[in-house]
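Protein chains in written order, with the working numbering: chain R, 620 to 1031; chain P, 620 to 1031.
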């Protein structure tokens, strides 16, 4: 940022400097020209007229040169003003080479203070705190980012507050179909499952797919067959039942009965919010390895074994040690079409912009341009973070190497 | 490219110019300094010593100034040399604005001349020709790229020669599970299906998901329920039976019985090739709209409802009018992890490199670095094409606006 600002200012300086240099070249050349007696002052025509006017040119140069002097002084002032900022950044990145950090989300949507009871707000805040401090302590004790991401997501999956694991929304057929994915930034290895109905912690199964199968993405019954083979406990589907989510489904269905399926198109903010939700976590460990994970129940009233962005590497989840780790939450179809997670990484890698700039561009411009909404949490290889969303709120938390904790719900 | 080169060269010039300007500032300032009698030449200490040496400074400046002169002359020469190249590119893109084109693939793998009978080679070549000329004539008659992609892929899906539709490979459970996806570069809209078992032309169902559902990706039975609702014919699974593919499955299974599952890891080139295969098509229509589509039976002996890259937007298929349209074929897991199709587009968009350069970087460097193999076909918004693969061969064909046809199988 500072570099860009400085570049802009120096452009003007460069122009004047270049002008002076051209005059210099002219003056020096004319000096030799006169010495070679090619132009006699008396000749006074063509190029020789210009040579004869060297004094005027020199006067002009003196003015321009003084201008440069002022300009340089002015620029130095600016650099000085900027200097502490640069220094801070350098220090930060030096310090950050041995740093770590973790960021989580619990879904984005029309989350407004006025619709939230105090007790519910406390419940969300304390569960976010429990989740992030668990992951943070793993990182602090030298654990890997994959371990931190998995353990952190497990806590949110086990809470009925979030749309993942216990608390997952209901499909049209009144089942709970869970999706999850995880990616290792060090190896670009990845694992994902879609539409599983008996797995308590889908993120663990995604990790199992990554570590112990030759595949990246397994779906439905096949994924559960793999889970059984790997010794995963099969939950009774009733485990996933929560009264709140079931009532949401009934309300959405009732509305659907009244109106054309397509016309509801999520214009009702209650329905819209009950439709979405995800949990996600990104982490940078002490070895500089990034990881990202996402887990969800998908969309209320979803049918036809719809798969959203959460189990799609590059859309819902992406991690690459060269750039950043990203976990998405929002209207999955748009996040797939915009390739949200990979696009943020690609912008950093190929455009050389910061994580914050890339996240802003994708979430505030690209996704809304398609008609979608939602948000992301991300952390880059230097520990810089982004918690970007274009909805009214996003359950989110961040904890850095110093143990400083930020928990937020609403837009600020 | 040229701009970058020019920027690099001018950086050196800027440095010398800046140096000269500093000397200028010094000389002019010292002039006034002396006039104000602050430094008497006799004082000869500190700053005054430097002032006293003005003559030496001026000599140095003269040398530097002449250097600038040469540098400017040299830079001008370089810009002139680069100029025709820029002009050519401008002409090319002007000419291509009204063009169209189509590229297809029928899978990549260890396809060697020595293993191919003449009759089989003729069968492949004529089917590729039939497919691409169908799409080309749609484009030539003003049809959309989406129409061309769908019709072209249909012909390959209906041929037992390719691993898609009729001719799809068998899963471990001796079924045929088909995947397909399609993307519209004009709207970034996309549709995909995974693991369908009764759909003759999965690419048509992917198109239906894109056009007539609020979703992007539907899987398994749910996708077929949607298909029935939309009036798709349900094929008896026996339609997909081909003796050749069934024998492949038996051979892979036999080998699996003999060895550990993991240890086979595709090191046998026959098994490896029978495992993969895809068909795909990318097209640019006369309105400048890009589209990409991919259809496959996946991997021989696949289990656990494995989903490969073909139905994954950004991995197997991607189209964006701002950049290019890409269809992938190869070892799906690696193509997902490398986000092959979207990465090529992102490199073009953010790095400003050509389609050919981006395709080469991803297929020849990035995918092999992970351990994967395969290839892509792609066409950019100006009609430039890429048919890049890192295997021994790839069934492929290209046809441009003039009707010039290229059909190739082996590496050259």
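The beta-carbon is built from N, C-alpha and C at its ideal position, and this holds for glycine as well. Just so you know, these numbers come straight off a predicted model, no measurement behind them.
- Residue 794(R) is classed as exposed because its beta carbon has fewer than 16 other beta carbons within 10 Å across all chains shown.
- Taken atom to atom, the span from the alpha-carbon of residue 1005(R) to that of residue 961(R) is near 15 angstroms.
- Neighbours of residue 961(P) in chain R, taken as residues whose beta carbon is under 7 angstroms from its own, are 933, 958, 961 in chain order.
- At a cut-off of 8 angstroms between C-beta atoms, residue 875(R) does not count as an interface residue with respect to chain P.
- In terms of CA proximity to residue 926(P), 810(R) leads the group 810(R), 768(R), 781(R), 797(R).
- Within the same chain, 799, 800, 801, 810, 811, 812 come within 6 angstroms of residue 825(R) by CB-CB distance, once the 5 residues on both sides are set aside.
- Secondary structure within the segment 722 to 799 of chain R: the alpha helix (DSSP H) runs of 4 or more consecutive residues, fully enclosed, are 737 to 759, 764 to 776 (chain order).
- Residue contact check for residue 847(R) against chain P: no CB pair falls below 8 angstroms.
- Using a Cβ-Cβ cut-off of 8 angstroms, residue 797(P) does not count as an interface residue toward chain R, since no Cβ of chain R sits closer than that to its own.
- Selection 922(P), 806(P), 740(P), 897(P) evaluated against residue 765(P) yields 806(P) as nearest (Cα-Cα).
- Per the DSSP secondary-structure output, residue 803(R) pairs in a beta bridge with 808(R), 910(R).
- Close to chain R, meaning a Cβ-Cβ distance shorter than 8 angstroms, are the following residues of the segment 969 to 983 of chain P: 969, 970.
- Contact between residue 1014(P) and residue 724(P) is confirmed by a C-beta separation of about 6 angstroms, below the 8 angstroms threshold.
- Residue 809(P) reaches chain R at 952, 955, 956, counting residues in chain order whose Cβ is nearer than 9 angstroms.
- Three or more beta-carbon pairs drawn from the segment 908 to 928 of chain R and the segment 837 to 846 of chain P are found closer than 8 angstroms, and the two stretches are therefore classed as touching.
- Of the candidates 914(R), 871(R), 942(R), 965(R), 871(R) places its Cα closest to the Cα of residue 789(R).
- Residue-level contact by beta carbon holds for residue 924(R) and chain P, with a gap shorter than 8 angstroms.
- Per the coordinates, the alpha-carbon of residue 966(P) lies some 22 angstroms from the alpha-carbon of residue 998(R).
- For residue 840(P), the closest Cβ of chain R is nearer than 8 angstroms.
- Chain-ordered, the chain P residues with CB closer than 7 angstroms to the CB of residue 966(R) read 969.
- DSSP places residue 859(P) within a helical segment (H, G or I) once states are collapsed to three.
- Considered as a whole, the segment 969 to 1031 of chain R harbours 993 to 999, 1004 to 1008, 1012 to 1019, 1024 to 1029 as its complete beta strand (DSSP E) runs of no fewer than 3 residues, in chain order.
- Taking the C-beta atoms as reference points, residue 931(R) is found no nearer than 8 angstroms to residue 963(R).
- Between residue 758(R) and residue 770(R), the CB-CB gap reaches or exceeds 8 angstroms.
- At a beta-carbon threshold of 7 angstroms, none of the residues of chain P lie near residue 898(R); the nearest stands roughly 20 angstroms away.
- The residue from 781(P), 914(P), 747(P) with its alpha-carbon nearest to that of residue 863(P) is 781(P).
- At a cut-off of 8 angstroms between beta-carbon atoms, residue 813(P) makes contact with chain R.
- Between the segment 904 to 915 of chain R and the segment 943 to 952 of chain R, the count of C-beta pairs closer than 8 angstroms reaches three or more; the two stretches touch.
- By the neighbour-count definition (other C-beta atoms within 10 Å, threshold 16), residue 995(R) is a buried residue.
- When the five nearest sequence neighbours on each side are left out, the beta carbons in the same chain lying within less than 7 angstroms of the beta carbon of residue 968(P) are those of 941, 942, in order along the chain.
- Between residue 847(R) and residue 853(R), the C-beta gap is smaller than 8 angstroms, which places the two residues in contact.
- DSSP, read as helix, strand or coil, puts residue 931(P) in coil.
- Cα atoms of residue 815(P) and residue 754(P): separation of roughly 25 angstroms, rounded to the nearest angstrom.
- In the DSSP assignment, residue 947(P) falls within the unbroken beta strand (DSSP E) covering 943 to 949.
- In terms of CA proximity to residue 721(R), 748(R) leads the group 830(R), 731(R), 748(R), 729(R).
- By the CB criterion at 8 angstroms, residue 993(R) and residue 727(R) fall inside the cutoff.
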